[in-house]
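Trainee: Have a look at the structure that comes next, please.
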Amino acid sequence: RLEMQKGPEVAPAANAKVMPIFPLRTLEWPGSIVQLKIIEPAHRRLYEDFLMKGTRYLMAPLALLPNTAAPSEDTPAEQRQVCTVGALLKLNDLKEVSEQTDGVVKYKARHTVVGRARLRGILNPSAAFEVDDYGAKIDYLRGEVEILPDDEIGLQAGAGRRGVPTAELQGS
Numbered sequence: 001r002l003e004m005q006k007g008p009e010v011a012p013a014a015n016a017k018v019m020p021i022f023p024l025r026t027l028e029w030p031g032s033i034v035q036l037k038i039i040e041p042a043h044r045r046l047y048e049d050f051l052m053k054g055t056r057y058l059m060a061p062l063a064l065l066p067n068t069a070a071p072s073e074d075t076p077a078e079q080r081q082v083c084t085v086g087a088l089l090k091l092n093d094l095k096e097v098s099e100q101t102d103g104v105v106k107y108k109a110r111h112t113v114v115g116r117a118r119l120r121g122i123l124n125p126s127a128a129f130e131v132d133d134y135g136a137k138i139d140y141l142r143g144e145v146e147i148l149p150d151d152e153i154g155l156q157a158g159a160g161r162r163g164v165p166t167a168e169l170q171g172s
């Protein structure tokens with residue numbers, strides 16, 4: 001597990017794979033469909049970045065975080081952790097739903113779990129703690145990740161079975 005704590009932004013190592021980190025309170029398995037309602041400003045920004053950059057992948061580690069939007073420095077260490085191995089999610093569909101939800105939910109995102117990844121480190125750890133006047137996170141987490149090989153689902157080696165070619169992961 002990795003303890004979430006405030007700290008300076010860190011530059012990624014040379015040739016590191018950098019990906020958005022979206023901690024979840026559930027464990028997701030390869031082949032599963034994950035649907036997310038995007039409410040917080042931080043996650044709205046993440047999906048807007050997806051739209052602008054054309055990226056489709058994020059890492060979703062299991063989170064041991066408090067029930068509030070963001071932990072504080074007073075939150076016990078065991079309640080502000082993320083697991084270092086998590087699901088690799090590929091965005092399949094993104095729908096703008098602001099009108100239907102009176103602006104409460106910006107997007108509905110549909111993902112498929114296409115594999116696993118190891119979180120090497122969080123590049124902007126303070127993002128987990130920074131909130132706006134309403135207590136909502138402002139920025140999303142980014143981390144250095146390692147895509148873990150998984151022969152059963154064909155990730156990287158023969159990835160065509162799940163539609164995740166290695167070249168596509170390199171550009172995410």
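Mapping the sequence shown onto the UniProt record's numbering, position 21 (from 1) lands on 21, and the numbers just tick up by one. Where is the CB? At the ideal position from N, CA and C, for every residue including glycine. Note that the structure is predicted; figures quoted are calculated from it, not measured.
Can you find the residues in the same chain that come closer than 8 Å, C-beta to C-beta, to Val-85, ignoring five residues on each side of it along the sequence?
Mentor: Here the question's residue 85 lines up with position 85 in the sequence shown. Here the set comprises Pro-61, Arg-116, Ala-117, Arg-118, Leu-119 and Leu-148.
Trainee: Quick check: the Cα distance between Pro-125 and Val-10, rounded to an integer number of angstroms?
Mentor: Stepping through the sequence shown from its first residue, residue 125 is reached at position 125. Stepping through the sequence shown from its first residue, residue 10 is reached at position 10. Distance between the alpha carbons of Pro-125 and Val-10 is about 9 Å.
Trainee: To which residues of the same chain is Ser-32 closer than 6 Å at the C-beta, ignoring the five residues directly before and after it?
Mentor: Residue 32 sits at position 32 when you count from the first residue of the sequence shown. Closer than 6 Å at the Cβ level, and outside the excluded window around Ser-32, lie Val-113.
Trainee: What is the rounded straight-line gap between the Cα of Asp-150 and the Cα of Asp-133?
Mentor: Reading the sequence shown from its first residue, position 150 is the one you call residue 150. Reading the sequence shown from its first residue, position 133 is the one you call residue 133. Asp-150 and Asp-133: Cα-Cα distance of roughly 43 Å.
Trainee: Taking DSSP as the reference, what is the three-state secondary structure of Glu-78?
Mentor: One-based indexing of the sequence shown puts residue 78 at position 78. Helix, per DSSP.
Trainee: What does the alpha-carbon distance come out to for the pair Leu-2 and Leu-94?
Mentor: To locate residue 2, count along the sequence shown from 1; it is residue 2. To locate residue 94, count along the sequence shown from 1; it is residue 94. Computed Cα separation, rounded: 30 Å.
Trainee: Relative to the alpha-carbon of Lys-37, which residue among Tyr-47, Pro-30, Glu-28 and Trp-29 has its alpha-carbon at the smallest distance?
Mentor: The residue given as residue 37 occupies position 37 in the sequence shown. Selected option, being the one with the closest Cα: Tyr-47.
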